[in-house]
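Worksheet for the structure shown next.
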Amino acid sequence: MVNAAALGFYKCLKRKSIDFRTVVSLLLLHDLANLIKFDIAKGVYLLDKSE
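Under the working numbering, the first residue of the sequence shown is numbered 735, with each subsequent residue one higher.
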């Protein structure tokens, strides 16, 4: 997911038509991916602990 965001960012840079909204949405996407990974890791940890 991070790679897809980086690729999108790179394509925008190549076109030189990068705007603020694109940067913000890519950063939000990246943060969301990290949050999801963290939640999954936390969930797995809690499941392991409960057994």
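All C-beta atoms in this analysis are idealised placements derived from N, C-alpha and C, irrespective of residue type, glycine included.
Per DSSP, Asp-782 is one residue of the alpha helix (DSSP H) stretching across 754–784. Taking the CA atoms as reference points, Asn-737 sits about 29 Å from Leu-781. Spatial neighbours of Asn-768 in its own chain (CB-CB distance under 7 Å, excluding positions within 5 residues in sequence) are not present.
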